[in-house]
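For the sequence shown, the positions run 26 to 204 when the numbering used here is used. Glycine residues also receive a C-beta, built at the ideal position from the N, C-alpha and C atoms.
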Amino acid sequence: SDQAFMNCASLTAVHIPEGVTSIGTSAFNGCKNLAQVELPESLQKLSYLTFANCESLTEITVPEQVTELGIMVFSGCTNLTEVYLNCAITELPIQPFNGCTNVEILTLPDTLTTICDNAFRGMGKLRQITLPEGLVSIGKSAFGGCSSLTAVAIPDSVTTVGDSAFLECTALETLTLGS
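Given below as structure tokens:
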């Protein structure tokens, strides 16, 4: 349910059991010491701010059945370094990783067609990313401030690249547009 464990500062690990299909808005928001999260294969939805401000979280794997990620779902997870989106989402929402400046490894699902505005904004340690074939749209400032990103290959399927999509990508050396 919404805000179920919000601001439980002593919580360090969470194992969500099989059968759970949705985690509510701000369910674990502000659990500053939450360092380990295990999500079930049955999970289909992570809501708005679900794991926001979990400052001790360093790695997250989103399972295959997830088809919906809420806005700012992991925002403020300042020590997050590895993100594995092994899910079936088609849209990456606005600012899912707002303030996650330490992400170095990020994998995207093959099902992704839309990257919304500011999706990866400020991920200053992200060096590389593979955009999936089938991606259609990259939102405004989607990669803005990804100052360690060195190369990007935009697939043929992309028809829209938003304003300032790669603003302040100061290390970007190679940009490949389609084949």
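What would DSSP say about residue i, mapped onto helix, strand or coil?
i      : result
Gln28  : coil
Tyr73  : coil
Thr86  : strand
Thr175 : coil
Leu96  : One detail in the question is off: residue 96 reads as Ile in this sequence, not Leu. Coil at Ile96, not helix or strand.
Leu202 : strand
Ala196 : coil
Ile41  : coil
Glu107 : strand
Ile163 : strand
Ser182 : coil
Just the Cα atoms here: how many angstroms apart are residue i and residue j?
i      : j      : result
His40  : Lys165 : 35 Å
Gly101 : Asn32  : 13 Å
Leu137 : Leu110 : 10 Å
Phe30  : Ser67  : 20 Å
Ala60  : Pro157 : 29 Å
Lys150 : Asp188 : 22 Å
Glu198 : Ser172 : 11 Å
Leu105 : Ile85  : 8 Å
Leu200 : Phe122 : 23 Å
Thr50  : Gly147 : 24 Å
Tyr73  : Gly203 : 33 Å
Phe191 : Ile96  : 20 Å
Assuming the contact rule is C-beta atoms closer than 8 Å, residue i and residue j should be a hit. Round their C-beta distance to whole Å, please.
i      : j      : result
Val98  : Val128 : Val98 to Val128, Cβ: 13 Å. No contact.
Ile179 : Asp142 : Ile179 to Asp142, Cβ: 17 Å. No contact.
Leu117 : Ala144 : 5 Å
Which same chain residues, not among the five before or five after residue i, have their C-beta less than 8 Å away from its C-beta?
i      : result
Thr103 : Glu80, Gly124, Cys125, Thr126 and Asn127
Gln69  : Thr46, Ser47, Gln90, Val91, Thr92 and Glu93
Thr195 : Ser172
Thr19  : The structure shown does not extend to residue 19, since the chain is modelled only from 26 through 204, so no value can be given for it.
Can you list, in chain order, the residues of its chain with a C-beta nearer than 7 Å to that of residue i? Leave out the 5 residues immediately preceding and following it.
i     : result
Asn58 : Ala34, Ser35, Leu36, Thr37 and Ser81
For residue i, collect the residues of the same chain with a Cβ closer than 6 Å to its Cβ; drop the 5 residues on either side in sequence, then sort them by chain order.
i      : result
Ile140 : Leu117, Ile163, Gly164 and Ala167
Ile130 : Glu107
Start-end ranges of the beta strand (DSSP E) lying completely within the region 111-145, minimum 3 residues: If one requires a minimum length of 3 residues, the beta strand (DSSP E) runs lying completely within the region 111-145 are 130-132, in chain order.
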